[in-house]
Amino acid sequence: MTQINDRLAKMQSAMQGAGVDLAAIGPTANMRYLLGFAPHPDERLCLLLVNQRDACMVVPGLNLEEIAAHADVDFFPWADADGPQAALRQALVTLRAPRTLAVDGAMRADFLLRLQAAATPDRTTTVDALLTPLRMRKSAAEIETLAAAASQADRAMQAAVDACRPGVTEAEVAWAAEVAFRQDGAEEVCFTLVASGPNAAYPHHHSGERRLQPGDAIVIDIGASLAGYKSDITRMVHLGQPSAEFLKVHAAVYQAHQRAMAAVRPGVTCEQIDRIARGTLEAAGYGSFFTHRTGHGLGLEGHEPPWIMVGDATVLQEGMVFSIEPGVYLVGRFGVRIEDIVVVTASGVRNLAGFDHALVVKA
Ligand code: ZN
Ligand code: ZN
């Protein structure tokens, strides 16, 4: 007998509203959201199948005991020697083959192909319209986990900043952050991006063997996972006295960040927040060097809706969580980005980051 929890029930009522007969969820953040657990994803077919009344799982037999300890649904296990097709067909008989199927956009393409072959739906869509509105608004418990994750990121940032000195490689600074996250109990270190000197002009530079030099600006952008929930923070370090132009760019980015954050409250749209950050950098003469969106939602995934950018008219509501991360990138010279994770509160904004925004100047 399936125990339909509150989140599954909310998705089922969204399915009724949208005319979706069956939703199929892989071992992804969506499954972790719905069940509080997701097995390690691999090539073996693992699906949570939900119709408007019931739910079941098709699972690799070797993982059955572990999954059953976390999920209170009916199981259709399959053995390596048999393959998943028979178990999948039985599950579809129980839940009824759908006309409209909604699938997890993050599940493997080979899961989707097997599912479509077995279920033969008239129409296939994604579960985004069902789950995004639920996942965007975080509960109080989710926000506290995100706050704890942000505190870990503050401590790892301190370790990275402390590691910055001439002669050290970007990879060594990144490792200092990684070790700090691990010692602090992070479930997974998601990225430790350290971009120095001209590398800092690439927003997604991979930390490498370049050695830090006097005169370098260093972008440190790090994030990890705590109980499934992500962190993401960016701060700036400078070795030696920065130039007047660097300080001007840094001040403009900081002002864009602060103005955008001050505008966050329920009722404002995502694109309005982007407009404020972008307008500030345009007024300072750096608009064309701000080459990405102002921010992204964050929760069980490091990047998830809402998107703080032109074209996302999502109206901010209490409980939404996203980054504010304006940046300016002068190719061949340097880059500056400042990033915090913020929560929309009933009356305004809460910044989950505690690390000081000021440029850290080291000898
Ligand atoms: Zn980041
Ligand atoms: Zn980010």
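Here the sequence shown stands for residues 74 to 436, where the numbers follow my numbering. Here a beta-carbon is modelled for each residue, glycine too, at the ideal position from N, C-alpha and C.
First and last residue of the uninterrupted beta strand (DSSP E) at residue i
i: N103; result: N103 -> not in any beta strand (DSSP E); alpha helix (DSSP H) instead, spanning A102 to L108.
i: R196; result: R196 to T199
i: A96; result: L95 to I98
i: D305; result: Segment: none, D305 is in no beta strand (DSSP E) and carries neither H nor E.
Residue i burial status per 10 Å Cβ neighbour count (16 or more: buried)
i: Q85; result: buried
i: S269; result: buried
i: R423; result: exposed
i: V166; result: exposed
i: V417; result: buried
i: L135; result: exposed
i: S361; result: exposed
i: L186; result: exposed
i: G240; result: exposed
i: E437; result: Only positions 74 to 436 of the chain appear in the structure, and residue 437 is not among them; the question remains open.
i: A350; result: buried
i: G156; result: exposed
i: M74; result: At M74, the pLDDT of 47 sits below 50, so the modelled position is not reliable; the number obtained from the coordinates is stated separately. Classification of M74: exposed, given that the 10 Å Cβ count is below 16.
i: R208; result: buried
i: Q225; result: buried
i: S298; result: buried
Ligand 2 heavy atom lying under 7 Å from the CB of residue i
i: D79; result: no
i: D305; result: yes
i: S280; result: no
i: H143; result: no
i: H330; result: no
i: H365; result: no
i: H369; result: yes
i: S396; result: yes
Segment limits, alpha helix (DSSP H) that includes residue i
i: R228; result: A213 to A236
i: S23; result: Outside the shown range of the chain (74 to 436) lies residue 23, about which nothing can therefore be said.
i: E318; result: A317 to A335
Paired residues, beta bridge with residue i - DSSP
i: E377; result: G370
i: T205; result: The partner list for T205 (beta bridge, DSSP) is empty, contrary to what the question assumes.
i: D294; result: L266 and T307
i: R284; result: T242
i: R117; result: Note: R117 sits in no beta bridge, so no partner.
i: R210; result: M393
heavy atom of ligand 1 below 7 Å from residue i C-beta
i: E261; result: no
i: G392; result: no
i: E374; result: no
i: D294; result: yes
i: E138; result: no
i: E344; result: no
i: E243; result: no
i: E412; result: yes
Every unbroken beta strand (DSSP E) inside the stretch 238–275 [3 residues or more]:
261–269
Note down, one range per segment and in chain order, each alpha helix (DSSP H) of at least 4 residues found wholly within the stretch 119–192.
137–141, 158–168 and 182–192
Going residue by residue through the stretch 345–433, where are the continuous beta strand (DSSP E) segments of at least 3 residues, counting only ones entirely within it?
Taking only runs of at least 3 residues, the beta strand (DSSP E) segments lying wholly in the stretch 345–433 are 368–370, 377–381, 394–397, 400–403, 407–410, 413–417 and 422–424.
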